[in-house]
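Numbering (the numbering used here), first residue to last: 1 to 305.
Set out below in structure tokens:
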């Protein structure tokens, strides 16, 4: 028998089957069939199904991509007060994605979503407060909403909260709390936060200094693609900080960072090639990297901003 929704099924059963086909829960993943179940559930008034249909149209999953259809279904769900749909629709209005850009409408939807406790709605409202979108800029309010989202595990909120608390430009600096939020985001795999954790361990800011922990987090950040972490990891190997000194490994990492455009790595490569540190001496390579570094340095001095 061909699977598919039947008229005698209630909306919750239809939605649950849609989830099973969407996620591959005990059945083969089939977005098209999932959409059929979601659509039937939505026709019976299932607000979450309406939102999920909107998402599938936006991403082109199981159906031809259509931002117009996405907006239609998001709106149907949001009109019934579903917080996730309010956030999704608010994001569309904020960015002008499929609708005329309307920051005021975006704020209205984000606030409604946030006040219902939806974590990404809280993060979105925090963002609007931080940048003063359709309301008075308020870092205190931004931090309040970011914290609510961060407590629910939103990585971007944890990282942004760390950024704000790690700076004394906008709010009173609190390095210990900043470290706490960076660590939460770092443990979820955010490379920027892993770098921040590593840096704070390296200088003993917000946490006791530990070169071994600093090395460990620079390594994790570098493995996740962070160019800055790759450079700092090379410095750790060069100086024997948190790891046994290895000029050859240091050179490999400086070369990786240099080839990816890290200007300070160019200076290190020029020196290592010139002196034969971690690599066979090569005057031509030394001159090449030195020229790149000097060209950047001259530009940076002319245009510091």
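Every residue gets a Cβ at the ideal spot worked out from N, C-alpha and C, and that includes glycine.
Here the structure is a predicted model, which is why all the values come from computation and not from measurement.
Query                                                                                                               : Result
Counted within 10 angstroms of its Cβ, other Cβ atoms place residue 38 as buried (16 or more) or exposed            : buried
Sequence-distant residues of its chain with Cβ nearer than 8 Å to residue 1 (five each side left out)               : Residue placement at residue 1 cannot be trusted, given a pLDDT of 43 that sits under 50; what the coordinates show is reported in the next sentence. For residue 1, where only same-chain residues beyond five positions count, there are no Cβ hits under 8 Å.
Rounded straight-line distance, which links the Cα of residue 6 to that of residue 21                               : 15 Å
Cβ distance (whole Å) where residue 68 is taken to contact residue 32 below 8 Å                                     : Actually they are not in contact, since the Cβ atoms of residue 68 and residue 32 sit about 19 Å apart, beyond 8 Å.
Alpha-carbon spacing of residue 66 relative to residue 57, whole angstroms                                          : 5 Å
Sequence-distant residues of its chain with Cβ nearer than 6 Å to residue 234 (five each side left out)             : 250, 253, 254
Residue 191 vs residue 225 beta-carbon contact at 8 Å                                                               : yes
Residue 220 classed as buried or exposed, judged by whether at least 16 other C-beta atoms fall within 10 angstroms : buried
Backbone secondary structure at residue 267 - three-state DSSP                                                      : helix
C-alpha gap between residue 217 and residue 161, whole angstroms                                                    : 19 Å
Residue 283 burial status per 10 Å Cβ neighbour count (16 or more: buried)                                          : exposed
Residue environment, residue 40, which counts as buried when at least 16 other CB atoms sit within 10 Å             : buried
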